[in-house]
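Novice: Chains B and X supply the protein sequences, listed in that same order.
For the record, in the first sequence the residue sitting at position 35 is 35 according to the UniProt record's numbering, with numbers rising by one throughout.
For the record, in the second sequence the residue sitting at position 204 is 204 according to the UniProt record's numbering, with numbers rising by one throughout.
Just so it is clear, CB atoms sit at the ideal spot from N, CA and C, and this is done for glycine as well.
Sharing a structure, written as structure tokens. Questions coming.
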Amino acid sequence: MDIFVDSAGPLLAALGTTVVMAVVAGIGSLIVGTLIAAARISPIPVLRGAAFAYVQFFVNVPLLVLLILAVFALPDAGILMPLAPTTVVVLTLYEAAYVAEAIRSGVNTVGNGQIEASRALGFTLGQTLSLVVLPQSLRAAVQPIGNVMIALTMNTALAAAVGVVELTSAANKLNLVEAQPILIFTAAGLVYMLLALIIGLSAGRIERKVAIVR
Amino acid sequence: MRVSRSPLRRAIPVAAVALTAMLGLAACSGGDAAVPGADPTASSAASSLDEVYKNAVVAEAADILPDSTMAKIKERGKLIVGEALDAPLLSQQDPSNPDDVEGFDADLAKLLAIYILGEPNVEIIPPASETREALLQNGTVDVVFNTYTITEERAAQVSFAGPYLESGLAVAVKSDNDDIKGIEDLAGKTVIVGANTPAVTAVPEEQPTATLVSFATDPQAMQALKQGRGDAYVQDFTLLASNAASDDSIKVVGQPFTTEAYGIGLKHDDDDFKTFINDWLVKIQEDGTWAKVWDATLGAAVESETPDAPKIGSVPGS
Numbered sequence: 001m002d003i004f005v006d007s008a009g010p011l012l013a014a015l016g017t018t019v020v021m022a023v024v025a026g027i028g029s030l031i032v033g034t035l036i037a038a039a040r041i042s043p044i045p046v047l048r049g050a051a052f053a054y055v056q057f058f059v060n061v062p063l064l065v066l067l068i069l070a071v072f073a074l075p076d077a078g079i080l081m082p083l084a085p086t087t088v089v090v091l092t093l094y095e096a097a098y099v100a101e102a103i104r105s106g107v108n109t110v111g112n113g114q115i116e117a118s119r120a121l122g123f124t125l126g127q128t129l130s131l132v133v134l135p136q137s138l139r140a141a142v143q144p145i146g147n148v149m150i151a152l153t154m155n156t157a158l159a160a161a162v163g164v165v166e167l168t169s170a171a172n173k174l175n176l177v178e179a180q181p182i183l184i185f186t187a188a189g190l191v192y193m194l195l196a197l198i199i200g201l202s203a204g205r206i207e208r209k210v211a212i213v214r
Numbered sequence: 001m002r003v004s005r006s007p008l009r010r011a012i013p014v015a016a017v018a019l020t021a022m023l024g025l026a027a028c029s030g031g032d033a034a035v036p037g038a039d040p041t042a043s044s045a046a047s048s049l050d051e052v053y054k055n056a057v058v059a060e061a062a063d064i065l066p067d068s069t070m071a072k073i074k075e076r077g078k079l080i081v082g083e084a085l086d087a088p089l090l091s092q093q094d095p096s097n098p099d100d101v102e103g104f105d106a107d108l109a110k111l112l113a114i115y116i117l118g119e120p121n122v123e124i125i126p127p128a129s130e131t132r133e134a135l136l137q138n139g140t141v142d143v144v145f146n147t148y149t150i151t152e153e154r155a156a157q158v159s160f161a162g163p164y165l166e167s168g169l170a171v172a173v174k175s176d177n178d179d180i181k182g183i184e185d186l187a188g189k190t191v192i193v194g195a196n197t198p199a200v201t202a203v204p205e206e207q208p209t210a211t212l213v214s215f216a217t218d219p220q221a222m223q224a225l226k227q228g229r230g231d232a233y234v235q236d237f238t239l240l241a242s243n244a245a246s247d248d249s250i251k252v253v254g255q256p257f258t259t260e261a262y263g264i265g266l267k268h269d270d271d272d273f274k275t276f277i278n279d280w281l282v283k284i285q286e287d288g289t290w291a292k293v294w295d296a297t298l299g300a301a302v303e304s305e306t307p308d309a310p311k312i313g314s315v316p317g318s
């Protein structure tokens, strides 16, 4: 256990990077994902098509490919961002596609009658979406969104491949010196498990709080 | 019409079945992570090494002790080696011909297989740098040829035969950079290193104020250097020299500032096998095989004399 105590500083800093990336990308993907979901269920064909294309693109291209493209191809196009922000942007855009799909599944729980009623009351499209459909969809999709957030947290490990010093990369570095892969990566795995557990339990609590009793 | 079906319509299902079978076969051969039986004649560097393979030394029956690791390998009929498939000059797989793996490590692994088995029958399991100890400890591979730097911490987990190769870390910069002349100019700079390479620990020892950025592969690190994500790239001298030889936009500055002794990783405390491999290393050094393999692989990239082979057991941990 000494090896973890001796390098506690860098390991905690790396864990901090993992958590910050997960939180920022998580919030970002919730916002972008909600907008995409709204576009996907809107009656405007262009918006619907664009949102469909967005979701298909990000669901069908592996995250590692997107990360490597963003880190190594964008500079050739004249955009050179630091590594961690690049990773957070890519994670946000990628997970937003999954968030959008999770919300869309929640939309089905909103009855057609409610939408018709809101129209009869003279609500505009924006009002119908923001006051009637999305609040209920989000409440119904808490658990699936929690799963997307857990996946997002695990996906931050891929940032190690493009040079961001987060938990996996710090574990790699420690192992390079100590040569004890099973101990070190088991410990790293337990920390990821703990993060997933926290997200999962929080999602459960939030769901019970916001659930709509029908 | 119904009775006489056109030949084409009958041919389609047949063709479909044949195509499926072919795809299935291709998937089988492609999906196998291990690369079987590397054929030395298929290698393009083989022309210069044909002679070496033909005259390669084979162990005497008395050297293969009963119940030893080498006896088990001989019984199995192939040597299972942990070596990279993406290391230029050391162990590089030809993407268009997966059986063709060439480089210094790959050729030595084949020669070791010849020494034990009489034929270059090697199964390659590519290790990640972070899994080498585990692969050796649980017996997945017999030996690791993977620019495996001998350190005392690692020697507590695995055993090392050799060293079989010595190299050092050097500094590369963009060609238009005249400010950095070597490791001594890297204080406070951003330095690109390969993840899981000795540079990760060696650079902070020399320059504690340098910021490290690590990338998974050498091409990624090269790209990052050229795009300005760091001021310099610290990597094995031989690898940098070969990069600089093929790419004018970077140059190697200064002399190597460390000495890395690479060993052949073995299961811990297998002393018979370690002695056996060390004997083999001495034999190939004395008969000139080692120098010929070096010339054909690493020597092709750098303009320098063939170095002397390192002395067996010359570093702590070996």
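(1) What do you reckon, are the CB atoms on GLY163 (chain B) and SER129 (chain X) nearer than 8 Å?
(2) Name the DSSP bridge partner or partners of THR211 (chain X)?
(3) Using a beta-carbon distance cut-off of less than 9 Å, what residues from the region 199-215 of chain X approach chain B?
(4) Are THR156 (chain B) and THR18 (chain B) closer than 8 Å when you measure CB to CB?
(5) Which bits of chain B does SER96 (chain X) rub up against, with CB to CB less than 7 Å?
(6) Hey, TYR94 (chain B) and LEU66 (chain B): beta-carbon distance below 8 Å or not?
(7) Please look up how many angstroms separate the CB atoms of SER175 (chain X) and ASP248 (chain X), rounded, as I've assumed it's under 8 Å.
(8) Please list the terminal residues of the continuous alpha helix (DSSP H) segment that includes GLY106 (chain B).
(9) Residues in the same chain with beta-carbon distance under 6 Å from GLY188 (chain X), minus the five sequence neighbours each way, listed in chain order, please.
(10) So what's ASN278 (chain X) in DSSP terms, helix, strand or just coil?
(11) Can you tell me which of X:ASP50, X:ALA106, X:LYS54, X:ASP279 puts its alpha carbon nearest to the alpha carbon of ILE312 (chain X)?
(12) Since VAL173 (chain X) and LYS251 (chain X) should fall inside the 8 Å C-beta cutoff, what is the C-beta to C-beta distance between them, to a whole number of angstroms?
(13) Which of the three DSSP states is assigned to LYS251 (chain X) in this structure?
(14) In its own chain, which residues sit with a C-beta less than 8 Å from the C-beta of THR297 (chain X), not counting the 5 before and 5 after it?
(15) With distances taken from CA atoms, which of B:LEU190, B:VAL210, B:VAL24 is nearest LEU138 (chain B)?
(16) Using the Cα positions of THR306 (chain X) and ASP94 (chain X), report the straight-line distance between them to the nearest angstrom.
(17) Judging by CA-CA distance, which residue of X:ASN177, X:TRP294, X:ALA216, X:GLU166 is the nearest neighbour of ASP236 (chain X)?
(18) Leaving out the 5 sequence neighbours to the left and right, which residues in its chain are closer than 7 Å to LYS74 (chain X) when beta-carbon positions are compared?
(19) Along chain X, in chain order, which residues have C-beta atoms closer than 7 Å to that of ALA179 (chain B)?
(20) What are the boundary residues of the beta strand (DSSP E) that includes ALA261 (chain X)?
(21) Going along the chain, which residues of the region 278-304 of chain X sit with their C-beta nearer than 7 Å to a C-beta in chain B?
(22) Identify which residue in B:GLN180, B:GLY106, B:ALA170 has its Cα closest to the Cα of ALA37 (chain B).
(23) Should the region 176-185 of chain X be regarded as contacting the region 250-264 of chain X, the criterion being three or more beta carbon pairs within less than 8 Å?
(24) Comparing alpha-carbon positions, which option in X:TRP290, X:ALA71, X:ALA221 lies nearest GLU60 (chain X)?
(25) For PHE58 (chain B), does the three-state DSSP call read helix, strand or coil?
(26) Could you check what DSSP says for ALA53 (chain B) in three-state terms: helix, strand or coil?
(27) Can you tell me where the alpha helix (DSSP H) holding LYS74 (chain X) begins and where it ends?
(28) Looking at C-beta atoms only, is the number of pairs between the region 118-125 of chain B and the region 162-182 of chain B that lie closer than 8 Å three or more?
(29) Rounding to the nearest angstrom, what Cα-Cα distance links ASN177 (chain X) and ALA51 (chain B) in this structure?
(30) Does GLN285 (chain X) come out as helix, strand or coil in the three-state DSSP assignment?
(31) Identify, in the order they occur along the chain, each residue of the same chain with its Cβ nearer than 8 Å to the Cβ of THR128 (chain B), setting aside the five sequence neighbours on each side.
(32) Could you spell out the range, first to last residue, of the beta strand (DSSP E) harbouring ASN97 (chain X)?
Specialist: If we stick to the structure as given:
(1) The residue you call residue 163 (chain B) lines up with position 163 of the first sequence. The residue you call residue 129 (chain X) lines up with position 129 of the second sequence. At least 8 Å separates the beta-carbon of GLY163 (chain B) from that of SER129 (chain X).
(2) As a first step, residue 211 (chain X) must be located in the second sequence, where it is residue number 211. Looking at the DSSP assignment, THR211 (chain X) forms a beta bridge with X:THR190.
(3) Answer in chain order: VAL200, THR201, LEU212, VAL213, SER214, PHE215.
(4) Here residue 156 (chain B) refers to the residue found at position 156 when the first sequence is read from its first residue. Here residue 18 (chain B) refers to the residue found at position 18 when the first sequence is read from its first residue. Contact: yes.
(5) Here residue 96 (chain X) refers to the residue found at position 96 when the second sequence is read from its first residue. Neighbours of SER96 (chain X) across chain B, judged by C-beta separation under 7 Å, do not exist; the nearest C-beta is about 22 Å away.
(6) Here residue 94 (chain B) is taken as the residue at index 94 of the first sequence, counted from 1. Here residue 66 (chain B) is taken as the residue at index 66 of the first sequence, counted from 1. Contact flag set, yes.
(7) Residue 175 (chain X) sits at position 175 when you count from the first residue of the second sequence. Residue 248 (chain X) sits at position 248 when you count from the first residue of the second sequence. The pair is a contact, with the Cβ atoms about 6 Å apart (cut-off 8 Å).
(8) As a first step, residue 106 (chain B) is located in the first sequence; it is residue number 106 there, counting from the start. GLY106 (chain B): member of the alpha helix (DSSP H) spanning 83-107, first to last residue.
(9) Taking the second sequence and counting its residues from 1, the one referred to as residue 188 (chain X) is at position 188. These residues qualify, in order along the chain: THR209.
(10) Residue numbering aside, residue 278 (chain X) sits at position 278 when the second sequence is read from its first letter. It is helical.
(11) Reading the second sequence from its first residue, position 312 is the one you call residue 312 (chain X). Put simply, of X:ASP50, X:ALA106, X:LYS54, X:ASP279 the residue whose alpha carbon is nearest the alpha carbon of ILE312 (chain X) is X:ASP279.
(12) Here residue 173 (chain X) is taken as the residue at index 173 of the second sequence, counted from 1. Here residue 251 (chain X) is taken as the residue at index 251 of the second sequence, counted from 1. That pair is a contact at about 6 Å.
(13) Position 251 of the second sequence holds residue 251 (chain X). The answer is strand: DSSP assigns LYS251 (chain X) an E or B state.
(14) Along the second sequence, one-based indexing puts residue 297 (chain X) at 297. Within the same chain, Cβ atoms closer than 8 Å to the Cβ of THR297 (chain X) are found at ALA45, LEU89, LEU90, GLU102, GLY103, PHE104, ASP107, the five residues on either side in sequence being excluded.
(15) For the purposes of this step, residue 138 (chain B) is taken as the residue at position 138 of the first sequence. With distances taken between CA atoms, LEU138 (chain B) lies nearest to B:VAL210 out of B:LEU190, B:VAL210, B:VAL24.
(16) Sequence index remark: in the second sequence, residue 306 (chain X) carries index 306 (1-based). Sequence index remark: in the second sequence, residue 94 (chain X) carries index 94 (1-based). Across the structure, THR306 (chain X) and ASP94 (chain X) are spaced so that their CA atoms are roughly 26 Å apart.
(17) Residue 236 (chain X) sits at position 236 when you count from the first residue of the second sequence. If you compare the alpha carbons of X:ASN177, X:TRP294, X:ALA216, X:GLU166 with that of ASP236 (chain X), the shortest gap goes to X:GLU166.
(18) Here residue 74 (chain X) refers to the residue found at position 74 of the second sequence. Cβ neighbours of LYS74 (chain X) beyond the five flanking positions: ILE64, ILE116, LEU117.
(19) Indexing the first sequence from 1 puts residue 179 (chain B) at position 179. Listed along chain X are GLU133, GLU153, ARG154, GLN157, each with a C-beta nearer than 7 Å to that of ALA179 (chain B).
(20) Locating residue 261 (chain X) in the second sequence gives position 261, counting from the first residue. 260-266 is the span of the beta strand (DSSP E), which, as asked, contains ALA261 (chain X).
(21) Within the region 278-304 of chain X, no residue places its CB atom closer than 7 Å to a CB of chain B.
(22) Sequence index remark: in the first sequence, residue 37 (chain B) carries index 37 (1-based). The shortest Cα separation from ALA37 (chain B) among B:GLN180, B:GLY106, B:ALA170 belongs to B:GLY106.
(23) Yes, since at least three Cβ pairs between the region 176-185 of chain X and the region 250-264 of chain X fall closer than 8 Å, the two stretches touch.
(24) To locate residue 60 (chain X), count along the second sequence from 1; it is residue 60. Ranked by Cα distance from GLU60 (chain X), the first of X:TRP290, X:ALA71, X:ALA221 is X:ALA71.
(25) Translated into the one-based positions of the first sequence, residue 58 (chain B) becomes position 58. DSSP places PHE58 (chain B) in helix when its eight states are reduced to three.
(26) Numbered from its first residue, the first sequence carries residue 53 (chain B) at position 53. ALA53 (chain B) sits in a helix when the DSSP states are folded into three classes.
(27) In the second sequence, the residue the question calls residue 74 (chain X) occupies position 74. Element bounds for LYS74 (chain X): 69-76.
(28) Touching, no, given that fewer than three Cβ pairs across the two stretches are closer than 8 Å.
(29) For the purposes of this step, residue 177 (chain X) is taken as residue 177 along the second sequence, with counting starting at 1. For the purposes of this step, residue 51 (chain B) is taken as residue 51 along the first sequence, with counting starting at 1. One C-alpha to the other measures close to 46 Å.
(30) By one-based count along the second sequence, residue 285 (chain X) stands at place 285. If DSSP states are grouped into helix, strand and coil, GLN285 (chain X) belongs with the helices.
(31) Locating residue 128 (chain B) in the first sequence gives position 128, counting from the first residue. Correct list, in chain order: ILE115, SER118, ARG119.
(32) Locating residue 97 (chain X) in the second sequence gives position 97, where the first residue counts as 1. Counting along the chain, the unbroken beta strand (DSSP E) around ASN97 (chain X) starts and ends at 97-102.
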